[in-house]
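As structure tokens, the structure follows; a few thoughts come after it.
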Amino acid sequence: MGKYPSGTQVEVRLRWKESNEIAHCYVLASVTSTLYKQPERCKIAKDILDKLEDMFRGQVILVSTIFLS
Numbered sequence: 046m047g048k049y050p051s052g053t054q055v056e057v058r059l060r061w062k063e064s065n066e067i068a069h070c071y072v073l074a075s076v077t078s079t080l081y082k083q084p085e086r087c088k089i090a091k092d093i094l095d096k097l098e099d100m101f102r103g104q105v106i107l108v109s110t111i112f113l114s
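Taken in order, the sequence shown gives residues 46 to 114; the numbers are from our numbering.
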């Protein structure tokens, strides 16, 4: 292995970066303006989804408790 990544590694990295940018745009476009502020700083689409999941986890637990009581 040389000092620089192989052509295949560079291609895979570029495809991932492009796919991440597209996913990032889709996720941010699908949330309301109120929710947009917090995840917009995330660089990776998965980080946005994780942040949104964390934000809503408490609400899901609360709703589950109300309906299961």
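Ideal Cβ placement from N, Cα and C applies to all residues, glycine included.
A quick note: this is a predicted structure, and the numbers were derived from the prediction, not measured.
Please work out which residues of its chain come closer than 7 Å, Cβ to Cβ, to residue i, disregarding the five sequence neighbours upstream and downstream, and give them in chain order.
i     : result
VAL72 : ALA90, ILE93 and LEU94
VAL55 : none
From residue i to residue j, what distance separates their C-alpha atoms?
i     : j     : result
LYS48 : SER64 : 26 Å
Please return the same chain residues whose Cβ sits closer than 8 Å to the Cβ of residue i, not counting the five positions on each side in sequence.
i     : result
THR53 : none
PRO50 : ARG58
Can you list, in chain order, the residues of its chain with a C-beta nearer than 6 Å to that of residue i? Leave out the 5 residues immediately preceding and following it.
i     : result
ARG60 : none
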